[in-house]
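All remarks here apply to the structure that follows.
2 protein chains.
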Amino acid sequence: MSGTDNHLQTAIEYISKYIGNVQEEELELLLPLVRFANYQKGDLIYKYGEIPKSASFIITGAVRSYYFDEDGKENTVGFHFENEPAFPYGSFVELVPAATSFVAMEPVAVVWISRHDFYHFLETFPRFEIGIAKVLSEYLIKGGQHLKLMRIDSSRERYKKLLELQPEIVTRVPLTYIASYLGMALETLSRVRAGKL
Amino acid sequence: MSGTDNHLQTAIEYISKYIGNVQEEELELLLPLVRFANYQKGDLIYKYGEIPKSASFIITGAVRSYYFDEDGKENTVGFHFENEPAFPYGSFVELVPAATSFVAMEPVAVVWISRHDFYHFLETFPRFEIGIAKVLSEYLIKGGQHLKLMRIDSSRERYKKLLELQPEIVTRVPLTYIASYLGMALETLSRVRAGKL
DNA sequence: TGCATAATTTGACTTGCGTCAAACTCCTTT
DNA sequence: AAAGGAGTTTGACGCAAGTCAAATTATGCA
Numbered sequence: 001m002s003g004t005d006n007h008l009q010t011a012i013e014y015i016s017k018y019i020g021n022v023q024e025e026e027l028e029l030l031l032p033l034v035r036f037a038n039y040q041k042g043d044l045i046y047k048y049g050e051i052p053k054s055a056s057f058i059i060t061g062a063v064r065s066y067y068f069d070e071d072g073k074e075n076t077v078g079f080h081f082e083n084e085p086a087f088p089y090g091s092f093v094e095l096v097p098a099a100t101s102f103v104a105m106e107p108v109a110v111v112w113i114s115r116h117d118f119y120h121f122l123e124t125f126p127r128f129e130i131g132i133a134k135v136l137s138e139y140l141i142k143g144g145q146h147l148k149l150m151r152i153d154s155s156r157e158r159y160k161k162l163l164e165l166q167p168e169i170v171t172r173v174p175l176t177y178i179a180s181y182l183g184m185a186l187e188t189l190s191r192v193r194a195g196k197l
Numbered sequence: 198m199s200g201t202d203n204h205l206q207t208a209i210e211y212i213s214k215y216i217g218n219v220q221e222e223e224l225e226l227l228l229p230l231v232r233f234a235n236y237q238k239g240d241l242i243y244k245y246g247e248i249p250k251s252a253s254f255i256i257t258g259a260v261r262s263y264y265f266d267e268d269g270k271e272n273t274v275g276f277h278f279e280n281e282p283a284f285p286y287g288s289f290v291e292l293v294p295a296a297t298s299f300v301a302m303e304p305v306a307v308v309w310i311s312r313h314d315f316y317h318f319l320e321t322f323p324r325f326e327i328g329i330a331k332v333l334s335e336y337l338i339k340g341g342q343h344l345k346l347m348r349i350d351s352s353r354e355r356y357k358k359l360l361e362l363q364p365e366i367v368t369r370v371p372l373t374y375i376a377s378y379l380g381m382a383l384e385t386l387s388r389v390r391a392g393k394l
């Protein structure tokens, strides 16, 4: 089976994941609009300040999203892995410049659809709005989890909770970014892991 | 003009806010599904652990949402005022028990629609999915703002940012809840306000 | 294989903020 | 007007975690 066949399969899975049962005629119109892209480690997939022109979904690889606060400090907002969307959702929907950037932490392959194509498609099949709602609510839940995580005061407990909720992060992501995600100093996280705190 | 007329007007404004241009026939079918309710200060509007059976939108008053963490500590998630939705969105969409409760901080009047009625209505007019996406993306942006707020390390700066983003909170909400929302001790917030920190 | 650079760990020092406790102010109710 | 209670302020003290700095361990690349 070729890589493209595989990818097409992934695209179809994404569609049914977010829309449920899809009609033949819907699929016929939607599939030609779908594209594929590859990124190297360190590549920017979306840049803050720009209005996202597409919605990307990860096939393989790991992506990190982050923003810069007023002091210029980089704040990691989230990690995105296989079978998850990775794009500035709010900005995509509201058509405003994104506050967050998305960068590949490893070689990354994505499926993507342009904003223009997608909204044009929506005019024919408005029920696909449900897909947007699904993506948004997934992000909402993830964001809510992160917020809850951040509200735990002790660094030790915060890290413990992360292990519980997203253990894969700890194996795939460099310490610096985990610390940034958890809102603690790199050194503190190191001490927590060594059981010294 | 009677109170009910006023309320009906508010309901219509809500609908066009979230859906855009609404057709006559759409409105005719939707309006009869809409109800009104009043709450006293302290009344629970939604309770955590329950699957929300309705979506409420505030006409007048102020609502606070919060959850209890594993240590039993109450954490304030958000404040909701006039012309804003106030219900456990994620749970409403995903049909799972809510983690947060919603309580009236003042006398509150709301428009609401039952989950059942709304989803039944959606079968006839699927394009109204866009309303869900709108509500979700509003919540998403609000949640994102809160998360950003919480990531500011200094209490002083955190409070300053709140004043900048949502000044009305400071005038309408008791100190205890603001402190809880900002993730700091009541005493710390008091000192910050007195300029002692 | 070995060097260079990055990533992580450890140490020493400082401080913001939480906790506990008590005082003070402002409503509400009788 | 007085009493009671909620909401807010002030004080004293201890500690978790931030910062700066240096050592140690990994990792990629020639």
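From first to last, the protein sequence lines are chains Y and Z. First residue of the first sequence? That's 1 in my numbering, and the numbers climb one at a time after it. First residue of the second sequence? That's 198 in my numbering, and the numbers climb one at a time after it. Glycine is no exception: its CB is placed at the ideal position from the N, C-alpha and C atoms. The model shown is predicted, which means the values in this text are computed figures rather than measured ones.
Taking C-alpha positions only, Glu157(Y) is separated from Val370(Z) by approximately 30 Å. Taking a Cβ-Cβ cut-off of 8 Å, the neighbours of Asn75(Y) in chain Z comprise Lys345, Arg348, given in sequence order. Collapsing the DSSP output to three states places Ser56(Y) in a strand. Per DSSP, the continuous beta strand (DSSP E) segment holding Val103(Y) begins and ends at 101-104. Fewer than three Cβ pairs drawn from the region 234-249 of chain Z and the region 346-363 of chain Z lie within less than 8 Å of each other, which leaves the two stretches out of contact.
What Gly90(Y) touches in chain Z, judged by beta-carbon distance under 8 Å, is Ser334, Leu337, Ile338, Gly341, going in chain order. The alpha helix (DSSP H) runs lying completely inside the region 290-330 of chain Z and spanning 4 residues or more are 312-321, given in chain order. In the three-state reduction of the DSSP assignment, Asn6(Y) falls in the helix class.
Any Cβ of chain Z closer than 8 Å to the Cβ of Glu50(Y) would place that residue at the interface, and such an atom is absent. Counting of Cβ neighbours within 10 angstroms places Tyr14(Y) among the buried residues, the total reaching 16 or more. Scanning chain Y for C-beta atoms nearer than 7 Å to the C-beta of Arg232(Z) yields nothing, as the closest lies near 23 Å away. Annotated three-state conformation of Val170(Y) is helix, per DSSP. For Glu223(Z), no chain Y residue has a C-beta closer than 9 Å to its own C-beta; the minimum C-beta separation is roughly 13 Å. In this chain, Val389(Z) is not harboured by any beta strand (DSSP E); it is covered by the alpha helix (DSSP H) spanning 383-390. Counting C-beta pairs with one atom in each stretch, the region 281-293 of chain Z and the region 87-97 of chain Y have fewer than three that are closer than 8 Å, which means they do not touch.
With 16 or more other Cβ atoms inside 10 Å of its own Cβ, His80(Y) counts as buried. With respect to the 8 Å criterion, Pro52(Y) and Ser101(Y) are not classified as neighbours on the basis of their beta carbons. Counting only the Cα atoms, Ile327(Z) lies some 31 Å from Val108(Y). The CB of Glu365(Z) never comes closer than 9 Å to any CB in chain Y; the least such distance is about 21 Å. By the criterion of a C-beta distance shorter than 7 Å, Asp266(Z) is surrounded in its chain by Asn272, once the five residues flanking it on both sides are discounted. The beta-carbon separation of Asn83(Y) and Ile113(Y), rounded to 16 Å, does not stay under the 8 Å limit for a contact. Taking all protein chains in view, the Cβ of Gly275(Z) is crowded by 16 or more other Cβ atoms within 10 Å, so the residue is classified as buried.
Classified as buried, Val231(Z) has 16 or more neighbouring CB atoms from the shown chains inside 10 Å of its CB.
The bridge partners DSSP lists for Asn75(Y) are Tyr67(Y). With a cutoff of 8 Å on beta-carbon distance, Phe325(Z) and Ile209(Z) are scored as not near each other.
The beta carbon of Ala382(Z) sits closer than 7 Å to the beta carbons of Ala376 from its chain, once the five residues preceding and following it are set aside; these are given in chain order. Under the DSSP definition of a beta bridge, Pro282(Z) partners with Phe254(Z).
In the three-state scheme derived from DSSP, where H, G and I count as helix and E and B as strand, Arg35(Y) is classed as strand. Interface with chain Y (8 Å Cβ-Cβ cutoff): Pro282(Z) is excluded.
For the region 119-132 of chain Y, the beta-carbon criterion of a distance under 8 Å to any beta-carbon of chain Z is satisfied by Pro126, Arg127, Glu129, Ile130, Ile132. The beta carbon of Gly183(Y) sits closer than 7 Å to the beta carbons of Met150 from its chain, once the five residues preceding and following it are set aside; these are given in chain order. Linking Tyr67(Y) to Leu359(Z) through their CA atoms gives a straight-line distance of about 19 Å. In the three-state reduction of the DSSP assignment, Tyr245(Z) falls in the coil class. According to the DSSP secondary-structure assignment, His277(Z) is paired through a beta bridge with Val260(Z). Residues of chain Z whose Cβ lies closer than 7 Å to the Cβ of Val93(Y) are, in chain order, Ala330, Ser334.
Taking CB atoms only, Gly380(Z) has a neighbour in chain Y less than 8 Å away.
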